[in-house]
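Written below as structure tokens is the structure these notes are about.
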């Protein structure tokens, strides 16, 4: 490995360590109650390292969200279309299975992300920067369905008269984090049953009968 690649790898490890520390502290103390110094202490880095890497506290929040969404096996800097689960989904020929894969992915993301999401929603009411980030993050969540449904339409898999755009809206609504919260947390459903219900709901709402 070259010196430059080694340094880049170390920087990425540091960014993830900071993001993981921030995720814990934001959830425990709230956004306003968490200082960059506290994040630095928990991550075992100098606070100046955080300023150099992220610039602002919102920058740390954005990286924290990105790491939680990407998961432990993906680099948060990898564009979503290049991530392993996305490549697998688009390689799958069966539309029913594709929707099941998406439902499963959103379940795992929800489990990692809901605690931070709660903090961001509370903070967004009083902090415009966090509010702007949360709006952008939700647009990013819509991008998943927006790229999947045209592919389903191209296969002729969507219900007659259902456009790819309307299908994306439905898919976005049925896989909101709050749907997973309602079933997994509020009602105590097992994860596998939650996945199955949402996958079946997506198929029923979107797909023509083959």
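Residue numbers (this note's numbering): -6 to 203. Yeah, the Cβ is synthetic: ideal placement off N, Cα and C, and Gly gets one too.
With 16 other CB atoms within 10 Å as the buried threshold, where does residue 28 fall? By the neighbour-count criterion, in which 16 or more other beta carbons inside 10 Å mark a residue as buried, residue 28 falls on the exposed side.
Pull up the DSSP beta-bridge partners for residue 151, would you. DSSP, once it has assigned bridges, lists 200 as partnering residue 151.
Taking all protein chains shown into account, decide if residue 138 is buried (16 or more other Cβ within 10 angstroms of its Cβ) or exposed. So residue 138 ends up on the buried side.
CA nearest to the CA of residue 110, picked from 23, 146, 77, 167: When each option's Cα is compared against that of residue 110, the closest is 23.
Expected contact under 8 Å - CB spacing of residue 116 and residue 59 to nearest Å: Rounded, the Cβ-Cβ distance is 17 Å, inconsistent with contact.
For the alpha helix (DSSP H) containing residue 52, name the first residue and the last one. The continuous alpha helix (DSSP H) containing residue 52 extends over residues 50 to 63.
Count the other CB atoms, across all protein chains shown, that sit within 10 Å of the CB of residue 188; report buried if there are 16 or more and exposed otherwise. Counting the other CB atoms within 10 Å of its CB gives residue 188 a total of 16 or more, which places it among the buried residues.
If we call anything under 8 Å between Cβ atoms a contact, is residue 16 one with residue 49? Contact annotation: residue 16 and residue 49 have beta-carbon atoms that are not nearer than 8 Å.
Selection from 201, 34, 144, 173 that minimises the alpha carbon distance to residue 158: Shortest Cα-Cα distance from residue 158 to any of 201, 34, 144, 173 involves 144.
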